[in-house]
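Okay, structure coming up:
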């Protein structure tokens, strides 16, 4: 009988060590899984995004019905778009300085990284050009740039 009494505390200590070790393993596994989700959800291209080239938006998620514009810098202003997932419809837009749409060009499943020029339209000083995700699309990861002729 004495053996059983001596063994019981040793078993309880061992069970406690195993329980604590299992808890630590679960904690580490959870942290690693969370890090993997973050790494997979952040596109690799976002790390290398060149904002000096993509000067309107660079690896920005456009939800349906959203977009971005910047002031036009010349009268015939080219805009280049690049987005994923592809193919989808996409719009290059021209607005007043207050944001009212003046014109847009629909790129219906066009080529990726397509440059669209607002010819022969003259964009007055202070007005804006940009990119827009139509409301019937899902979320798009967008690069958009105001270019030079």
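In this note's numbering, the protein residues as written are 178 to 326.
Even glycine gets a Cβ: it sits at the ideal position worked out from N, Cα and C.
Remember, it's a predicted structure, so these values are computed and weren't measured experimentally.
Cα-Cα separation, residue i to residue j
i	j	result
residue 315	residue 324	26 Å
residue 245	residue 299	20 Å
residue 279	residue 273	7 Å
residue 241	residue 284	15 Å
residue 319	residue 230	13 Å
residue 317	residue 269	14 Å
residue 212	residue 252	Below a pLDDT of 50, predicted positions are generally treated as unreliable, and residue 212, at 43, falls in that range; the measurement from the model is reported next regardless. Using only the alpha carbons, I get a separation of about 47 Å.
residue 303	residue 248	6 Å
residue 310	residue 264	12 Å
residue 254	residue 233	13 Å
residue 227	residue 250	20 Å
residue 281	residue 301	15 Å
residue 307	residue 262	19 Å
residue 271	residue 235	19 Å
In DSSP terms, what residue i is bridged to
i	result
residue 245	308
residue 327	No answer is possible for residue 327: the residues shown for the chain start at 178 and end at 326.
residue 299	Answer is none; residue 299 lacks a bridge partner.
residue 285	266
residue 272	278, 305
Candidates the options, of which the one nearest residue i by Cα
i	options	result
residue 266	276, 312, 226	312
residue 305	276, 283, 282	276
residue 238	281, 260, 301, 322	260
Cβ neighbours of residue i in the same chain (closer than 6 Å, five flanking residues each side left out)
i	result
residue 216	Only weak support is given to the placement of residue 216: the predicted model assigns it a pLDDT of 40, under 50, and the question is left unresolved by the model.
Same chain, Cβ closer than 8 Å to residue i, five either side skipped, listed in chain order
i	result
residue 243	309, 310
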